[in-house]
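Residue numbers (this note's numbering), protein chains in the order written: chain A, 1 to 291; chain H, 1 to 291; chain B, 1 to 291; chain S, 1 to 291. Note that the Cβ used here is the ideal one computed from N, Cα and C, for glycine as well. See structure below.
4 protein chains.
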Amino acid sequence: MSSKFRHVALIGKYQAQGSRSALEDIARFLIEQGCDIALEKDTAQNTGITAHSILDVAQIGKQCDLGLVVGGDGTMLGIGRQLAQFGVPLVGINQGRLGFITDIAFDDYQTTLTPMLHGNYQEDPRWMMQAEVVRGGQSVFHATAMNDVVVNRGASAGMVELRVEIDGRFVANQRADGLIIASPTGSTAYALSAGGPLIHPSIGGWVLAPIAPHTLSNRPIVLSDKGEIAIEIVAGRDPSVNFDMQTFASLRHGDRIIVRRSAHQVRFLHPVGWSYFDTLRKKLHWNEGVA
Amino acid sequence: MSSKFRHVALIGKYQAQGSRSALEDIARFLIEQGCDIALEKDTAQNTGITAHSILDVAQIGKQCDLGLVVGGDGTMLGIGRQLAQFGVPLVGINQGRLGFITDIAFDDYQTTLTPMLHGNYQEDPRWMMQAEVVRGGQSVFHATAMNDVVVNRGASAGMVELRVEIDGRFVANQRADGLIIASPTGSTAYALSAGGPLIHPSIGGWVLAPIAPHTLSNRPIVLSDKGEIAIEIVAGRDPSVNFDMQTFASLRHGDRIIVRRSAHQVRFLHPVGWSYFDTLRKKLHWNEGVA
Amino acid sequence: MSSKFRHVALIGKYQAQGSRSALEDIARFLIEQGCDIALEKDTAQNTGITAHSILDVAQIGKQCDLGLVVGGDGTMLGIGRQLAQFGVPLVGINQGRLGFITDIAFDDYQTTLTPMLHGNYQEDPRWMMQAEVVRGGQSVFHATAMNDVVVNRGASAGMVELRVEIDGRFVANQRADGLIIASPTGSTAYALSAGGPLIHPSIGGWVLAPIAPHTLSNRPIVLSDKGEIAIEIVAGRDPSVNFDMQTFASLRHGDRIIVRRSAHQVRFLHPVGWSYFDTLRKKLHWNEGVA
Amino acid sequence: MSSKFRHVALIGKYQAQGSRSALEDIARFLIEQGCDIALEKDTAQNTGITAHSILDVAQIGKQCDLGLVVGGDGTMLGIGRQLAQFGVPLVGINQGRLGFITDIAFDDYQTTLTPMLHGNYQEDPRWMMQAEVVRGGQSVFHATAMNDVVVNRGASAGMVELRVEIDGRFVANQRADGLIIASPTGSTAYALSAGGPLIHPSIGGWVLAPIAPHTLSNRPIVLSDKGEIAIEIVAGRDPSVNFDMQTFASLRHGDRIIVRRSAHQVRFLHPVGWSYFDTLRKKLHWNEGVA
Numbered sequence: 001m002s003s004k005f006r007h008v009a010l011i012g013k014y015q016a017q018g019s020r021s022a023l024e025d026i027a028r029f030l031i032e033q034g035c036d037i038a039l040e041k042d043t044a045q046n047t048g049i050t051a052h053s054i055l056d057v058a059q060i061g062k063q064c065d066l067g068l069v070v071g072g073d074g075t076m077l078g079i080g081r082q083l084a085q086f087g088v089p090l091v092g093i094n095q096g097r098l099g100f101i102t103d104i105a106f107d108d109y110q111t112t113l114t115p116m117l118h119g120n121y122q123e124d125p126r127w128m129m130q131a132e133v134v135r136g137g138q139s140v141f142h143a144t145a146m147n148d149v150v151v152n153r154g155a156s157a158g159m160v161e162l163r164v165e166i167d168g169r170f171v172a173n174q175r176a177d178g179l180i181i182a183s184p185t186g187s188t189a190y191a192l193s194a195g196g197p198l199i200h201p202s203i204g205g206w207v208l209a210p211i212a213p214h215t216l217s218n219r220p221i222v223l224s225d226k227g228e229i230a231i232e233i234v235a236g237r238d239p240s241v242n243f244d245m246q247t248f249a250s251l252r253h254g255d256r257i258i259v260r261r262s263a264h265q266v267r268f269l270h271p272v273g274w275s276y277f278d279t280l281r282k283k284l285h286w287n288e289g290v291a
Numbered sequence: 001m002s003s004k005f006r007h008v009a010l011i012g013k014y015q016a017q018g019s020r021s022a023l024e025d026i027a028r029f030l031i032e033q034g035c036d037i038a039l040e041k042d043t044a045q046n047t048g049i050t051a052h053s054i055l056d057v058a059q060i061g062k063q064c065d066l067g068l069v070v071g072g073d074g075t076m077l078g079i080g081r082q083l084a085q086f087g088v089p090l091v092g093i094n095q096g097r098l099g100f101i102t103d104i105a106f107d108d109y110q111t112t113l114t115p116m117l118h119g120n121y122q123e124d125p126r127w128m129m130q131a132e133v134v135r136g137g138q139s140v141f142h143a144t145a146m147n148d149v150v151v152n153r154g155a156s157a158g159m160v161e162l163r164v165e166i167d168g169r170f171v172a173n174q175r176a177d178g179l180i181i182a183s184p185t186g187s188t189a190y191a192l193s194a195g196g197p198l199i200h201p202s203i204g205g206w207v208l209a210p211i212a213p214h215t216l217s218n219r220p221i222v223l224s225d226k227g228e229i230a231i232e233i234v235a236g237r238d239p240s241v242n243f244d245m246q247t248f249a250s251l252r253h254g255d256r257i258i259v260r261r262s263a264h265q266v267r268f269l270h271p272v273g274w275s276y277f278d279t280l281r282k283k284l285h286w287n288e289g290v291a
Numbered sequence: 001m002s003s004k005f006r007h008v009a010l011i012g013k014y015q016a017q018g019s020r021s022a023l024e025d026i027a028r029f030l031i032e033q034g035c036d037i038a039l040e041k042d043t044a045q046n047t048g049i050t051a052h053s054i055l056d057v058a059q060i061g062k063q064c065d066l067g068l069v070v071g072g073d074g075t076m077l078g079i080g081r082q083l084a085q086f087g088v089p090l091v092g093i094n095q096g097r098l099g100f101i102t103d104i105a106f107d108d109y110q111t112t113l114t115p116m117l118h119g120n121y122q123e124d125p126r127w128m129m130q131a132e133v134v135r136g137g138q139s140v141f142h143a144t145a146m147n148d149v150v151v152n153r154g155a156s157a158g159m160v161e162l163r164v165e166i167d168g169r170f171v172a173n174q175r176a177d178g179l180i181i182a183s184p185t186g187s188t189a190y191a192l193s194a195g196g197p198l199i200h201p202s203i204g205g206w207v208l209a210p211i212a213p214h215t216l217s218n219r220p221i222v223l224s225d226k227g228e229i230a231i232e233i234v235a236g237r238d239p240s241v242n243f244d245m246q247t248f249a250s251l252r253h254g255d256r257i258i259v260r261r262s263a264h265q266v267r268f269l270h271p272v273g274w275s276y277f278d279t280l281r282k283k284l285h286w287n288e289g290v291a
Numbered sequence: 001m002s003s004k005f006r007h008v009a010l011i012g013k014y015q016a017q018g019s020r021s022a023l024e025d026i027a028r029f030l031i032e033q034g035c036d037i038a039l040e041k042d043t044a045q046n047t048g049i050t051a052h053s054i055l056d057v058a059q060i061g062k063q064c065d066l067g068l069v070v071g072g073d074g075t076m077l078g079i080g081r082q083l084a085q086f087g088v089p090l091v092g093i094n095q096g097r098l099g100f101i102t103d104i105a106f107d108d109y110q111t112t113l114t115p116m117l118h119g120n121y122q123e124d125p126r127w128m129m130q131a132e133v134v135r136g137g138q139s140v141f142h143a144t145a146m147n148d149v150v151v152n153r154g155a156s157a158g159m160v161e162l163r164v165e166i167d168g169r170f171v172a173n174q175r176a177d178g179l180i181i182a183s184p185t186g187s188t189a190y191a192l193s194a195g196g197p198l199i200h201p202s203i204g205g206w207v208l209a210p211i212a213p214h215t216l217s218n219r220p221i222v223l224s225d226k227g228e229i230a231i232e233i234v235a236g237r238d239p240s241v242n243f244d245m246q247t248f249a250s251l252r253h254g255d256r257i258i259v260r261r262s263a264h265q266v267r268f269l270h271p272v273g274w275s276y277f278d279t280l281r282k283k284l285h286w287n288e289g290v291a
């Protein structure tokens, strides 16, 4: 029986040791399973593999029905952000320490992928954030984020003061090192270091976690992802904003960062039996006790 | 024009100084607005007011179309828990410091109530938790909670060890002083003291916040309220469980506390323009800054 | 050359699998090193070893110049508390996972102990807390603690309210689940779970860490160990107090728990090169990075 | 009877509304008490007061036996840092909201100062930190800090990785937004926002508080102020270091920030009956309860 997915794109940006042979190995396996193979453009360039058709991300979005990412969570999030609008699902194979979303070990990939290619998988959709910077009523920057939107103070410049609104309603004026708006996906990343809660991906909300807030009762707050969050720069020198590490540095007082839920979800696929909580326990080194 | 609400129940359990005259004052006002008045049974007993018809909570649920609570958040939560199944909405008038949900000052009540009685109000529905204790497959206790379900260690008895599952999936084994499962309503109460986040009432989720967890990475986690949470007592002397302060003390190892979303919502009514965030800022003493 | 320590007491309370043979092995080794051996009374009883002279703790305190503990941190703290007044130093050999203070692996003990017996060791003195419960001006209970003194609320009984004073000066009225007064030694135990800092043993201070405090700005505070701390029970049902897990349960309103630095230090000995920070990194699973 | 302090310097940098007349008022009062008055140079310049002798800080250090600061904690810390080496004690008069160390309200100053000038006061000495940046074995920058030394990541540049040593011993490799080394005086400032404990001024220690640490068990740690702390920049783009807000921006990998206790203490004077804890309760809005 042939694969449910006919046209599979292979993506693996980094020139990690062994990356080329791993990709070639996986390509051979997929062809045996009856898939057509395309190589993502940068992946091809970085690894020097030329045996397959080469597509850029937009072409993958239009032509492929599965993306197979070889790498870590960062690679997966980067490509996921770009492919979300096309609805192409993604599977992650990890050659190192397993990630939150790249959960298939390279050593096991054949056993794990076989049933998935035949349609036995769990889908794990994640909402993205659509964000923009508005200055004097004009949008001057926009970006998509899977993990978080982070407003930062300047490097050595005291606190930043931010005015937070949701759907036009005043929430709070916060003085802090910064403010993180994280998705459930991002709740296990930077927001966790800042004292934010873990948020299960099924929750339709974002967490706003202040970084080193001046007021001790300024605690993380979980807000609905149906609303529009606005962060206005009230005071502070040289503030900047990151969208999943992509930076817009030249913020001015009065600028507003607007965050909404994107129209698109990223579709991660996991093997049947995959559990978000198993991953959490492993990544956070929880003691699994007597179970 | 007459009130949208014809039959209004007056509830005000505590024999606070001035409570009787406040209730009589409000009753007079409601009658002027064209309402029929009933007095909740315990309220009548405690205040000695006999001028109106007296109903118990179940009768209020069946006969009244509004409950008017004079008291604090505790009184409001107590009566809300009982009236939820009848769908009777509640308004809270507070003679002291305003609460999270009892947001109308006694001094202003006429001005504030008049438009509300004529249908101009905001509805603020809150989900409740339906919980039970299961022993050997049998339900041995059940209760409803608006704020939280709390599993506790015994008084001077080391930690408790709890096994947490959601929808039959293993989440974690936790060693701690206890574990709080809080609704968005309860997220501003005990769970906040234990390090949990604030959760907006529009979020369909609960927060699980461990109390003094042995493992430092055992952080609060927000889970969907569509799932079924099970907490199993694994180890620890004399554990107990509270449902909004109602206690079931005689827990044994192997007992499971099951928490689901109740079929009913409590319906709080607020004046038009009421804002959850205004209340939050006031109650948590956030600095409202230059706004 | 013979051992610097002539008369060594062997202590190993628990009847752990292999405990007897470990103790016999160590005894043989110490005799070869020229030491006289005594066995602590309960240790002798629990293991059935009869080959050596048997002493109770007070006799060990008067007659021995070294205590050699085979067990974990709990055993070491228990015997340390009793031997402190006699100034007998202690060495800890651990058959399982190394502890904060029991840092010699059984597998290595001969190599590690040999130089220590000849006087090459690091001394690691730790102050103890002397605590008492005062009721109506009378001392009704007293105890010594190496880790912490913990005032607790009753099992399912809301918060406790405590009045904290130092040297007769009012510090704070705290409403919380409880309050931990921890020594530097105890700062890695319960106080850490409650949000307290790590405190290096060279610091002459205790940390007061509230458990789930009602007021969010009630943060842990480090106070000098030269002062006298008083905790008065103001309100709350069935409060109790633990001294290193030893419980005094029948506290009443108005009771005062008084904590002072004991006159005695426990003297732990470590091999030369031992580092508090190495232990901390290992026990807290800090990533040691590229160093 | 005349003042114990003969030569008093008046310091009040900011050109706050009413600052001039406040200083003139205080000057008059001090002259009546038999003091000789000098005006700090910048204060004279900013206020335009010319009626008294004018001294720079070094001259004040050599000639005056009391500094009287009119302003907030920031002004007091700034001048304290400069006068510490001369041993001149300081008193703080505050025209606005009282600070942690500027605790005399302008409205009360005559009543409060009179006994202090006659020798009835409490002395509150605070240790300062002496810090330097060492590059390739050479000291390239040095500064004194009363509150904290803060190593920061660059503005929008991921985490910084720092290697912490004390007295040449490896403590930890930390990946975080930054690391705060705070004195007891600084423990109520930035370090508190980052999760650090309060530290009583009598404690001979600093707290190391990581800002948003990657490893959740990287908790604040209190270390002795007798040791030498070294922070080495291991990785991270554009790190910088602040000494009480004075910035050294051009840090390179391999640079070491060395922190030792300064040879000098700042000497703050308070009225008899002043209490550190009273200030703490007021500033942190602790509920003072039934006391």
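- Here the alpha carbon of Met128(B) sits roughly 40 Å from the alpha carbon of Met159(S).
- Annotation: the continuous beta strand (DSSP E) that includes Pro271(A) extends over Arg256 to Pro271.
- Contact annotation, Val91(S) with Ile104(S): C-beta distance approximately 7 Å; criterion of less than 8 Å satisfied.
- With a contact defined as Cβ atoms closer than 8 Å, Ile258(A) and Val134(A) qualify at about 6 Å.
- A residue is called buried when at least 16 other Cβ atoms come within 10 angstroms of its Cβ; Lys226(S) does not meet this threshold and is exposed.
- Residues of chain S with a Cβ closer than 7 Å to the Cβ of Asn218(B) are, in chain order, Trp286.
- Closest by C-alpha distance to Gln138(A), out of Gly254(A), Leu284(A), Gly273(A) and Arg81(A), is Gly254(A).
- Remark: C-beta atoms of Leu223(A) and Ile231(A) do not approach each other more closely than 8 Å.
- The C-beta of His200(B) comes closer than 8 Å to at least one C-beta of chain S.
- Residue nearest to Pro125(S) within the set Val266(S), His270(S) and Thr111(S) is Val266(S) (criterion: CA-CA distance).
- Annotated three-state conformation of Asp148(H) is strand, per DSSP.
- Here Tyr190(B) has Asn147, Asp148, Val150, Ile180 and Ala182 as same chain residues with Cβ atoms under 8 Å from its own Cβ, once five neighbours each way along the sequence are excluded.
- Around the beta carbon of Ser53(H), a 10 Å sphere encloses fewer than 16 other beta carbons of the protein chains shown; the residue is thus reported as exposed.
- With its beta carbon at least 8 Å from every one in chain H, Ile257(B) lies outside the interface.
- Using a CB distance cut-off of 8 Å, Pro213(A) counts as an interface residue toward chain S.
- About 13 Å separates the CB atoms of Ala194(S) and Ile221(S); that is not less than 8 Å, and the two are not in contact.
- Within the DSSP secondary-structure output, Val171(H) pairs in no beta bridge.
- Its chain contains Val69, Gly71, Gly72, Asp73, Thr75, Met76, Gly92, Ile93 and Asn94 as the residues whose beta carbon lies nearer than 8 Å to that of Thr102(H), once the 5 sequence neighbours on both sides are disregarded; these appear in chain order.
- Three or more pairs of CB atoms, one per stretch, sit closer than 8 Å, so the region 104-113 of chain A contacts the region 18-34 of chain A.
- Using a Cβ distance threshold of 8 Å, Leu30(B) and Arg219(S) do not count as a contacting pair.
- Straight through space, the alpha carbons of Val88(S) and Tyr121(S) are spaced by roughly 15 Å.
- Among the CB atoms of chain A, one or more fall inside 8 Å of the CB of Ala194(S).
- The beta-carbon of Asn152(S) is placed less than 8 Å from the nearest beta-carbon of chain A.
- Under the DSSP assignment, Ala182(B) falls in the beta strand (DSSP E) whose first and last residues are Gly178 to Ala182.
- Taking a Cβ-Cβ threshold of 9 Å, the residues of chain B close to Gly205(S) are Ile199, His200, Ser202, Ile203, Gly204, Gly205 and Val222, in chain order.
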